[in-house]
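Q: If you're matching positions, the sequence shown starts at 179 in our numbering and goes up one per residue.
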Amino acid sequence: MYDIAKIREDFPILSREVYGKPLIYLDNGATTQKPRCVVDSIVEEYYSVNSNVHRGVHFLSQQATNLHEASRETVRKFINARSTSEIIFTRGTTESINLVASSFTERFMKPGDEVIVSVMEHHSNIVSWQLQAERKGIVLKVIPMNDCGELLLDEYEKLFSERTKLVSVAQVSNVLGTINPVKEMIATAHAHGVPFLVDGAQSIPHMKVDVQDLDADFFVFSGHKVYGPTGVGVLYGKENLLNELPPYQGGGEMIQNVSFEKTTFNELPFKFEAGTPDYIGTTSLAKALDYVSAIGMDEIAAYEHELTVYAMQRMKEIPGMRIFGEAEHKGGVISFLVGNIHHFDMGTLLDRLGIAVRTGHHCAEPLMTRLGITGTVRASLGLYTTKEEIDALVAGIKRVSMMFG
Ligand code: PMP
Numbered sequence: 179m180y181d182i183a184k185i186r187e188d189f190p191i192l193s194r195e196v197y198g199k200p201l202i203y204l205d206n207g208a209t210t211q212k213p214r215c216v217v218d219s220i221v222e223e224y225y226s227v228n229s230n231v232h233r234g235v236h237f238l239s240q241q242a243t244n245l246h247e248a249s250r251e252t253v254r255k256f257i258n259a260r261s262t263s264e265i266i267f268t269r270g271t272t273e274s275i276n277l278v279a280s281s282f283t284e285r286f287m288k289p290g291d292e293v294i295v296s297v298m299e300h301h302s303n304i305v306s307w308q309l310q311a312e313r314k315g316i317v318l319k320v321i322p323m324n325d326c327g328e329l330l331l332d333e334y335e336k337l338f339s340e341r342t343k344l345v346s347v348a349q350v351s352n353v354l355g356t357i358n359p360v361k362e363m364i365a366t367a368h369a370h371g372v373p374f375l376v377d378g379a380q381s382i383p384h385m386k387v388d389v390q391d392l393d394a395d396f397f398v399f400s401g402h403k404v405y406g407p408t409g410v411g412v413l414y415g416k417e418n419l420l421n422e423l424p425p426y427q428g429g430g431e432m433i434q435n436v437s438f439e440k441t442t443f444n445e446l447p448f449k450f451e452a453g454t455p456d457y458i459g460t461t462s463l464a465k466a467l468d469y470v471s472a473i474g475m476d477e478i479a480a481y482e483h484e485l486t487v488y489a490m491q492r493m494k495e496i497p498g499m500r501i502f503g504e505a506e507h508k509g510g511v512i513s514f515l516v517g518n519i520h521h522f523d524m525g526t527l528l529d530r531l532g533i534a535v536r537t538g539h540h541c542a543e544p545l546m547t548r549l550g551i552t553g554t555v556r557a558s559l560g561l562y563t564t565k566e567e568i569d570a571l572v573a574g575i576k577r578v579s580m581m582f583g
């Protein structure tokens, strides 16, 4: 039994008002709200444990280190990695992708070698590779999609050549909501002997992820999109691959011995964690993962699926409605435009009704170009979204549409 009323009570911000109206928060694709246990964990650790991790012999440092390393185990379990050596803490999805782009290119790629991405990627999974294209002469190949927002798997297969070194694709599109068949796509890449990075920023909050079942070589996500804190994220990588990659940043923690003649590097995962980690953040990220696990990822997925079907159906009642992203497998992200109303105007007026949506290109300009538009309004659902909130969104859009005649 999915107890939505009880769940909503765990999120204090959901009971606030904006412009004298109850907040309807439909911007979960950008970031999610935090349950009390996540915020409490931050306050409690600062008040009673705070001390730098790994380097101290004293009590507090050991306690903070234990919490930090226990969080790594929580993450390992959450995505079913084999070992905590495979869990690297980063600042988020963006940093995780940049780490792989930088270290993987340096180790495995020569000028002219190719990386396959898709047309629906977030800028972080495009620009990170373009930087390497400029610096190292690598080449980007792009998987196209159909008008429903589904990747063309036949075209994908045709992109492989002897020079293909990596595929990097989002499991769920942050604009279209498309759930890409990454397990199948990974099998295709592996048949060509090519490793695969999954951008899990938009999948991790909404579905069960099992990196061994997917056979993902890398899997990346951000804490703040899965009801955890900002500033902390994860890079999962298969141990043998991570062992091959050179360090990303130099500093404390990532070394074994340093001398001016020769420096040796620490073992995994510390080789990739230069400097003081956000150990307060990792503890509260673990609280967030425990929180969603207690509700159940399958239960969250089922609830949100039902809500998405309902929202899509209700949105289509609105005259002049154009929805971008009608894939058969679709998560709770609904991008739309109504008539000639500019996305910015729609977003601003919905805001006055207390409804928080996102407008613009959603860090996916190449996708906007593919769709032939400059931006959309995006409503993105979370585990606490209700049918009543969807109804309020639909009523709000109708009201704004009427204002524009
Ligand atoms: N990839 C996808 C699919 C995303 O939706 C986002 C965030 N909008 C990112 C990457 C980047 O995440 P972050 O800003 O947390 O690094």
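The C-beta atom is built at its ideal place from N, Cα and C for all residues, glycine as well. The structure displayed is predicted, hence computed values, not measured ones.
Counting pairs of beta carbons, one from the segment 204 to 215 and one from the segment 557 to 572, are three or more of them closer than 8 Å?
A: They touch, by the three-pair rule.
Q: Determine the closest residue to Phe256 out of Asp391, Leu277, Thr552, with distance taken between C-alpha atoms.
A: Taking only the C-alpha atoms, the option nearest Phe256 is Asp391.
Q: Measuring alpha carbon to alpha carbon, tell me which residue in Tyr225, Glu362, Val227 is nearest Leu330.
A: Here the closest residue by C-alpha is Glu362.
Q: Measuring CB to CB, does Ile382 end up less than 9 Å from Phe399?
A: Going by C-beta atoms, Ile382 is nearer than 9 Å to Phe399.
Q: Does the structure place the segment 563 to 572 close enough to the segment 487 to 494 that three or more beta carbon pairs sit under 8 Å?
A: Cβ pair count under 8 Å is three or more, so yes.
Q: Mind listing which residues have their beta carbon within less than 5 Å of any non-hydrogen atom of the ligand PMP? Chain order is fine.
A: Counting every residue whose Cβ lies closer than 5 Å to a heavy atom of the ligand PMP, we get Gly270, Thr271, Thr272, His300, Ser302, Ala348, Asn352, Asp377, Ala379, Gln380, Ser400.
Q: Taking Phe443 as the reference, which of Glu312, Gly429, Thr454 has the closest Cα?
A: When each option's Cα is compared against that of Phe443, the closest is Gly429.
Q: Under 9 Å between C-beta atoms, does Gly371 make it to chain C?
A: Looking for chain C here will not work: only one protein chain is present.
Q: Buried or exposed for Phe237, please, with buried defined as at least 16 other CB atoms from any protein chain shown within 10 angstroms of its CB.
A: With fewer than 16 Cβ atoms within 10 Å of its Cβ, Phe237 is classed as exposed.
Q: For the alpha helix (DSSP H) holding Phe438, just list the boundary residues, first then last.
A: Phe438 -> no alpha helix (DSSP H), and no H or E assigned at all.
Q: If you follow the alpha helix (DSSP H) that Phe522 is part of, which residue opens it and which one closes it?
A: That run of the alpha helix (DSSP H) goes 521 to 530.
Q: Short of 6 Å in beta carbon distance, which residues of its chain neighbour Gly509, apart from the five on each side in sequence? Order them along the chain.
A: Closer than 6 Å at the Cβ level, and outside the excluded window around Gly509, lie Val350, Gly355, Ile357, His384.
Q: Are the CB atoms of Asp388 and Ser346 nearer to each other than 9 Å?
A: Not closer than 9 Å, so no.
Q: Apart from the five residues just before and just after Tyr334, which ones in its own chain have a Cβ nearer than 6 Å to its Cβ?
A: These residues qualify, in order along the chain: Ile321.
Q: Please determine if the segment 246 to 255 and the segment 452 to 460 are in contact, where contact requires at least 3 C-beta pairs separated by less than 8 Å.
A: Cβ pair count under 8 Å is three or more, so yes.
Q: On the DSSP bridge assignment, give the partners of Leu329 in chain order.
A: For Leu329, which the question treats as bridged, DSSP gives the partners Met323.
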